[in-house]
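Report on the structure given below.
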Amino acid sequence: MSRRVQPRRRRIAWSAWLLPGALVVLSLIGLGLLASSMGWLSEGQAAPRTAPAGTIAVPVAAIDIPAYTRVRLDHLIDTRTGDLQAVYLPEGSILEETMVDPRELIGRVLAADKRPGQVFSETDFFPPGTREGIVAGIPAGKRALRIDATKVNGIVGLARGDRFDLVATDNLRKGRSGPIVVQGVAQGQLGAMGTSVHSSMVVENGAVVQPLETRTIPGRRAQFVEEMVIAVASEEVELLTRALHSGARVDCVPRSGRPVDEDEAGASSARPAGRRGGVSMVETISGGSRSAVAVPSSPMIVPIESMDDQPEQRVRDPEDGGGR
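6 is the number of the first residue of the sequence shown in this note's numbering; add one for each residue after it.
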């Protein structure tokens with residue numbers, strides 16, 4: 006009888022120790038993983054928090070920080086250690102514009118993207134007091150406009166901050182029977198007026214605020230739109246929107262990204278007075294021939310009634326008081 010009871014007691018004693026033992030093993034494994042993730046087991050020593058002799062701790066981005074973002078403390082903290090993310094550089098190798106005090110970074114708005122491990126300099130930021138968001142990238146005195154990039158030839162590929170001009174080309178006689186008034190005729194464009202094709206600059210020295218991005222329009226069938234955000238002068242907003250919605254061809258003319266001195270910049274931006282508002286064009290028809298005449302916008306323009314045979318239209322010239 007006693008021989009049959011002893012094996013049962015041994016099995017009960019062994020099973021009683023099995024569960025606590027498993028819990029102890031799992032606890033040790035968990036503590037080991039936690040200690041390893043916090044750097045406690047890194048060569049048996051704590052991670053150094055002070056810069057080695059002869060070096061300076063330079064703060065760097067701990068994560069990806071997009072442009073137009075206001076820098077926060079969590080952008081600079083290593084989530085593994087809880088310490089400031091930094092690189093240790095020799096004192097003599099640090100550039101003058103490199104920012105080494107993390108307190109100078111907090112609250113500033115970035116002008117360009119920052120990748121993990123990149124240092125900061127003053128040129129990476131907008132002036133203090135700039136609001137975060139896309140409005141930070143709008144140059145002073147300009148207005149932002151979101152455009153369909155497929156309607157502007159040559160604008161795809163420009164990066165944030167690139168400068169450009171926009172030229173609109175249209176057929177002046179397309180669907181028109183009234184007077185033709187053209188604003189923005191530049192010198193050198195009047196020689197081809199007989200073809201009724203007119204080009205004018207609608208944006209000068211525009212800037213890319215947000216490069217090309219694809220946006221999805223919700224609906225039954227998902228539509229993808231390629232858009233860009235650009236900055237233009239306030240008086241150019243109407244000219245550009247009118248050109249885009251009228252079906253005119255709009256071409257992008259990128260500007261040089263090289264730095265220039267004031268004399269060279271003044272020479273490149275020089276243009277004849279009245280470039281945008283001083284010229285009108287009248288098409289004249291005599292018998293079977295037609296021609297186009299460019300005149301100042303101030304004279305009185307005689308409407309063109311139709312394309313049928315009509316006597317030659319005349320324009321009153323305010324300078325000589327006569328007609329042509």
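Beta carbons: idealized from backbone N, C-alpha and C, even for Gly.
query: Assigned exposure category for R226 - 16 Cβ within 10 Å defines buried; result: exposed
query: Reduced DSSP secondary structure (H/G/I, E/B, other) of S205; result: strand
query: Nearest-angstrom Cβ-Cβ length linking G255 and N158, presumed shorter than 8 Å; result: According to the sequence as given, residue 255 is Val; it is not Gly. Sure, about 7 Å apart at Cβ, within 8 Å.
query: Coarse secondary structure for R354, derived from DSSP in three states; result: No statement about residue 354 is possible, as the shown extent of the chain runs from 6 to 329 and does not include it.
query: Straight-line Cα distance separating L171 from E241; result: 10 Å
query: Beta-ladder partner(s) of Q123, from DSSP; result: None; Q123 has no bridge partner.
query: Endpoints, the beta strand (DSSP E) within which I61 is located; result: T60 to P64
query: In chain order, each beta strand (DSSP E) run of at least 3 residues that lies wholly inside the stretch 117-163; result: 147-153
query: Proximity test, V258 beta-carbon vs the ligand COA heavy atom, cut-off 7 Å; result: No copy of the ligand COA appears in this structure; indeed no ligand is present at all.
query: I235 - partner residues in DSSP beta bridges; result: L150 and V213
query: Backbone CA spacing between S126 and P132 [nearest angstrom]; result: 12 Å
query: Residue burial classification, H80 (beta-carbon count within 10 angstroms, cutoff 16); result: buried
query: Contact belief for F130 with A116 at Cβ below 8 Å, rounded distance in angstroms; result: 6 Å
query: Beta bridge counterpart(s) of I70 as assigned by DSSP; result: K119
query: Helix, strand or coil at L28 according to DSSP, with G and I counted as helix; result: helix
query: Contact under 8 Å by Cβ, L244 with V207; result: yes
query: CA nearest to the CA of E138, picked from R75, A164 and F169; result: Reading off the sequence, residue 138 comes out as Gly, not Glu. Comparing Cα-Cα distances from G138 to each of R75, A164 and F169, the minimum goes to R75.
query: Boundaries (first-last residue) of the beta strand (DSSP E) holding T174; result: R168 to N176
query: Inter-residue spacing [alpha-carbon to alpha-carbon] between R220 and V161; result: 15 Å
query: Simplified DSSP assignment, three categories, for I82; result: strand
query: Inter-residue Cα distance where the pair is P107 and Q123; result: 13 Å
query: Secondary structure of R226, DSSP reduced to three states; result: coil
query: Residues bridged to L94 [DSSP beta-bridge criterion]; result: I61
query: Short Cβ contact (8 Å threshold) for G73 with A141; result: Note that residue 73 is Tyr in the sequence shown here, rather than Gly. Result yes, Cβ atoms of Y73 and A141 sit closer than 8 Å.
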